[in-house]
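First comes the structure, then the notes that go with it.
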Amino acid sequence: MVLVVFSAFAVIGLGAWLYHSSVAMAPFTDERAFAAAVGEMRMGDSEVYHRLHKEMRTSKAWRQDMGISLLLLPALFLGLLALGRGRLRAPPRKWMFVLIAIVLPILSTGGFVFDLFQGNERREFPHWADSLSIPLMGVPVIFALGLYLSLMYLLLIKEVRASPVRPLAAARSNYWILALVFVTLFELIVTLPFGQYYYTVPSFLWLYYALSIGMTRVGSEPEQAVGVAVKGTNARVNARE
20 MVLVVFSAFA VIGLGAWLYH SSVAMAPFTD ERAFAAAVGE MRMGDSEVYH RLHKEMRTSK
80 AWRQDMGISL LLLPALFLGL LALGRGRLRA PPRKWMFVLI AIVLPILSTG GFVFDLFQGN
140 ERREFPHWAD SLSIPLMGVP VIFALGLYLS LMYLLLIKEV RASPVRPLAA ARSNYWILAL
200 VFVTLFELIV TLPFGQYYYT VPSFLWLYYA LSIGMTRVGS EPEQAVGVAV KGTNARVNAR
260 E
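Oh and the sequence shown: position 156 is 175 in the working numbering, straight run, nothing missing.
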């Protein structure tokens, strides 16, 4: 546990350094040259714009995003450990699952909206492209689908208790839970290298949500130990008879 906490704080320190190093950086190698080149472009020449943006941007955005990611994820993990008194535990009350189920689609949808506006602010899209209004039209649908999915997973809950989360046992408890674990892990792996904390943090919480529901369907370790002991006692009694 000491090693885990030390590693988490080391990652937080790295995140703080990355974010600090991005503060004084310029977004482009030559701001004036970029603006001049964009001004000479023809309307609709999006391929040229994106190529120019990729060539002239610095690592400022990546350092900033990765820094925030490395600050938030370990802090969130340590917070869950603190709530579980040193272990990652499932929520002990049913209403906590309901609260998480409501918050998750808000975070996921908010991350999508934030990504659009941040990309627009960083000039990732050409000014002639309708890069905001069209994607924003799908936000209500994205939120409704996320809320429906998170609430439907509440139906898989069995016995709520503050069990330590055992990822393999929880994932194997149900095929639907295994599917959600696979999807969230995939999104974590895909988004983390780019520092997309607005997707990575919700994915981490979706993963915690899925594993916690799985633990309600798995017997706790003490219960399993008692069951093995009872079976062993019954076997010895039957053998004597």
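Here a beta-carbon is modelled for each residue, glycine too, at the ideal position from N, C-alpha and C.
Note that the segment 204-212 does not touch the segment 115-129; fewer than 3 beta-carbon pairs, one per stretch, sit closer than 8 Å.
Runs of the alpha helix (DSSP H) lying entirely within the segment 53-100, each at least 4 residues long, are 65-75 in chain order. In the structure shown, the three-state DSSP call for Pro-124 is helix. Less than 8 Å separates the beta-carbon of Trp-225 from that of Leu-123. The C-beta separation of Ser-127 from Lys-79 comes to about 26 Å, leaving the pair out of contact by the 8 Å criterion.
DSSP places Ser-26 in the uninterrupted alpha helix (DSSP H) bounded by 21-42. Around the beta carbon of Phe-223, 16 or more other beta carbons lie within 10 angstroms, which makes this residue buried. In the three-state scheme derived from DSSP, where H, G and I count as helix and E and B as strand, Pro-183 is classed as strand.
Inter-residue distance for Ala-56 and Ser-150 is about 20 Å (C-alpha atoms, whole angstroms). The C-alpha of Pro-93 lies about 12 Å from the C-alpha of Gly-86. Phe-144 carries a coil assignment under DSSP once its states are collapsed to helix, strand and coil. DSSP links Phe-47 through a beta bridge to Arg-76.
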